[in-house]
Structures are given as C-alpha cells and as structure tokens.
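In my numbering, the protein residues as written are 1128 to 1495.
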C-alpha cells in the first residue's frame, strides 16, 4: 500500500512537471519552463496522442479490428496501476466511438495458474502458452488481440500498439504514437498534416487536385511592339510527393489593357490581343516547403510551363517560367517570365507579320 501511494505521488508530481515541459521540454538557463511550454498538461498531451490513434481508426489504417480484445497493457514504472485502467478505457472508447468493431473482454487471458509439482511451485499464464491462448480465443470468439505499451517521461510520452492473430501469433498491425510528433500539435502550428501522413498506403492514394484563378498583368509581344495586357488564368494541378510538386494544365485569356480604357477596337492584323485568344500550358511546379507545409509562413514555389497561344490567324509556341510567393493558405503572388518563338500571323491568307519575343509580368492567385 505504501509503495502504491509513493508511485501515485511521484506520478502526480510528474504530471505537474509535464504541465510545463510537455510541449518540447524546453527550459531556460535556470531550469525554469519557458512561456511557450507552460500552457500544456499531461492529459491534454495524452488526448493528442489518442487523437492520432482515432485519426487512424477513422481512415481505416488500423488492421485486425474484427472481434478484438485488449490483452495486455504495459506501462513504465512511474505509472500507477490505476492509470492503466484509465488508459485501457480511453482506448476502448476511441475504438467503439469511431468504428463498428466488437470488443471482447478476455478475463482468462490475464489469469495466472499455479501448480504444485513436488516441492516446486509453477506459475503459468496464457501469455507464455500459445496453445492455451488460442483455445481461450476460440471459446471467447476472439479473432485478434491488441497489446499496448505506454511510456511516460517529462519530455514526452509514447503509446505503442500492435495487433496479433491468436492461432498463428502473426502481427497484423503495429504503430507507435509520439506526443512530440502528434498531428494535433502539427495542426496548432498551421500544418496541413493530412498531406504528410507516413501511414497512407499506396493502394489508398487519392489524388489531391488543386485549382486556382489568376489575375495577370503581362507585357506581351505584339505586332512590332510589346502590349500591356490584363489576363485571367485558370490552373488545375495534381499535388504529389507530399505537396512538394505539382503537375497540370493552365488556360489563359489576355486583353489589351488600353482597349479596355479607351473602348477602341484595333483593326485586324494590328493587335493580337483585341479579340479572342487562348493560351494553353502544361505546367510543373516545385514547392519549396521542406518536410511540411506551414500556412503561417510564406512559401516559395518555382514553376515552368510549355504550350502555345491561339488567336485569329495566329498559332505560336510559348515557354513560361516564374516564381511565386504563397501567402497564408489561399493567396499567392507570382512573377512571370516567358519566351515566344517567332511565328507568323495571318489576316485571311495574307501575312500580317511575325510575332515573338519576351513576355513578362505579375499575377495574383486565389486557390480553391
């Protein structure tokens, strides 16, 4: 009784300390907790770790959940026995709340058997007897066992789980959840953690498609000159390699900005951007976001595209590159530089001149 009381007091002292060091264990030179780490407590961090397990349950990433029983729950020495029961109930609640799994309570799995053979006393349990464990599982209708290990230190906690089959002893699923790398902590930092999930199976890959609308002001090569144009662009890309790369298509329409102000319409063969024109590009982008994308920081992205422009009597190629600064989550500003190889424009069957050269300008983007 005295030992249990001492362990409980030590655990409570650890929880109090964890309230100051759970976020990252950072202290100042005097050993006092910093302000950034003083707002966390033990049960908040535990809920983050269990939230990661719940996330995997919701996304079908936990294997062997049919007719499962929690067999063993091991914990570090600084954890009192009463907390083990709380943790087991918390795990049970997450499974029942998130899935339709049938949880089976297996009391014989934890029972110990004592036999007397002469002057020797032998203590056995189903844990060390696979045949007996398989027999108990068959009688109880258990198809899988879950074993849990919980480790707690003032600098962090780790919850490890694995699921096995009683008959073969094969491990069906295993994973560890660390408080220092939890999704909940990542969400608080502004990270879109769903895009860097290491547990996503290749067979369950779902393409992430992103669309954007862009408002351009570009100086475009025209008949013998360069014309300032307002443009509208729509781009659709698939994001891959943990959001680090994008590939897709962009379609643009440009209009001579001076014609919008004056209302005058240029004669055919003197202004490529006074009528209908469409630019189509195949685009690839490299997002400079490191291991994770943080929407609270400005991110860079370099892109390159190749395609061409169609207008009445004109069809020419285009190579465009640029760099963009992504602001917050839905906005970006980019600088564009392109080159149009010289191509001849026609009015009817008559050549109206050659168009080619450098295009350049800026764009404002809205992601959706």
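Cβ atoms here follow ideal geometry from the backbone N, Cα and C, with glycine treated the same way.
How should residue i be labelled, buried or exposed, when 16 other C-beta atoms within 10 angstroms of its C-beta is the threshold for buried?
i            : result
residue 1269 : buried
residue 1477 : exposed
residue 1404 : buried
residue 1301 : exposed
residue 1472 : buried
residue 1347 : buried
residue 1201 : exposed
residue 1425 : exposed
residue 1451 : buried
residue 1246 : exposed
residue 1149 : Confidence in residue 1149 is poor, its pLDDT being 38 and thus under 50, which makes the residue's placement unreliable; the coordinate value appears in the next sentence. Buried, by the Cβ-count rule.
residue 1139 : Only weak support is given to the placement of residue 1139: the predicted model assigns it a pLDDT of 45, under 50, and the value that follows is read from those uncertain coordinates. Flag for residue 1139 reads exposed.
residue 1304 : buried
residue 1486 : buried
residue 1177 : buried
residue 1406 : buried
residue 1432 : buried
residue 1174 : exposed
residue 1183 : buried
residue 1309 : buried
residue 1163 : Since pLDDT at residue 1163 reaches only 38, below the 50 mark, its modelled position is unreliable, and the value read off the structure follows with that caveat. Classification of residue 1163: exposed, given that the 10 Å Cβ count is below 16.
residue 1187 : exposed
residue 1263 : buried
residue 1436 : buried
residue 1244 : exposed
residue 1210 : buried
residue 1223 : exposed
Would you mind stating whether residue i and residue j have Cβ atoms separated by less than 8 Å?
i            : j            : result
residue 1290 : residue 1362 : no
residue 1484 : residue 1464 : no
residue 1299 : residue 1190 : yes
residue 1181 : residue 1227 : no
residue 1454 : residue 1339 : no
residue 1414 : residue 1401 : no
residue 1343 : residue 1490 : yes
residue 1518 : residue 1297 : Outside the shown range of the chain, which is 1128 to 1495, sits residue 1518, and nothing can be said about it.
residue 1496 : residue 1225 : Absent from the structure is residue 1496, since the part of the chain shown begins at 1128 and ends at 1495.
residue 1261 : residue 1294 : yes
residue 1288 : residue 1172 : no
residue 1456 : residue 1422 : yes
residue 1350 : residue 1438 : no
Taking only heavy atoms of the ligand MN into account, decide whether any of them is closer than 7 Å to the Cβ of residue i.
i            : result
residue 1285 : This structure lacks the ligand MN; in fact it carries no ligand of any kind.
Nearest by alpha-carbon distance to residue i: which of the options is it?
i            : options                   : result
residue 1271 : 1198, 1415 and 1244       : 1198
residue 1475 : 1441, 1236 and 1231       : 1441
residue 1365 : 1377, 1357, 1387 and 1307 : 1377
residue 1375 : 1342, 1399, 1385 and 1335 : 1335
residue 1412 : 1461, 1379 and 1381       : 1461
residue 1385 : 1354, 1259, 1252 and 1307 : 1354
residue 1481 : 1305, 1398, 1370 and 1170 : 1398
residue 1239 : 1245, 1224, 1229 and 1255 : 1255
residue 1215 : 1438, 1258, 1277 and 1263 : 1277
residue 1468 : 1434, 1488 and 1439       : 1434
residue 1229 : 1282, 1195 and 1243       : 1195
residue 1168 : 1212, 1470 and 1282       : 1282
residue 1447 : 1252, 1345 and 1420       : 1345
residue 1502 : 1388, 1341, 1357 and 1419 : The displayed coordinates of the chain run from 1128 to 1495. Any statement about residue 1502 would go beyond what the structure contains.
residue 1217 : 1170, 1259 and 1253       : 1170
residue 1458 : 1341, 1188, 1179 and 1408 : 1341
residue 1265 : 1286, 1292 and 1360       : 1292
residue 1367 : 1416, 1356, 1223 and 1488 : 1416
residue 1387 : 1373, 1356 and 1369       : 1356
residue 1373 : 1359, 1337, 1352 and 1382 : 1337
residue 1359 : 1470, 1251, 1488 and 1267 : 1488
residue 1273 : 1389, 1219 and 1179       : 1219
residue 1212 : 1179, 1259 and 1275       : 1275
residue 1179 : 1267, 1286 and 1470       : 1286
Looking at the C-beta of residue i, does it have a partner C-beta in chain D at a distance below 8 Å?
i            : result
residue 1208 : The structure shown has no chain D; it contains just one protein chain.
* Asked: Which runs of the alpha helix (DSSP H) spanning at least 4 residues fall entirely within the segment 1335-1391, listed in chain order?
  -> 1384-1389
* Asked: Taking contact to mean at least 3 C-beta pairs separated by less than 8 Å, is the segment 1232-1248 in contact with the segment 1202-1214?
  -> no
* **Segments of 4+ residues assigned as alpha helix (DSSP H) that fall wholly inside the segment 1441-1473** => none
* Secondary structure, beta strand (DSSP E): runs of 3+ residues fully inside the segment 1234-1295 -> 1240-1244, 1247-1251, 1271-1280 and 1283-1291
* Asked: Counting only runs that start and end within the segment 1396-1447, where is the beta strand (DSSP E) found for 3 or more residues in a row?
  -> 1404-1415 and 1426-1438
* Which runs of the alpha helix (DSSP H) spanning at least 4 residues fall entirely within the segment 1159-1232, listed in chain order? -> 1169-1185 and 1208-1225
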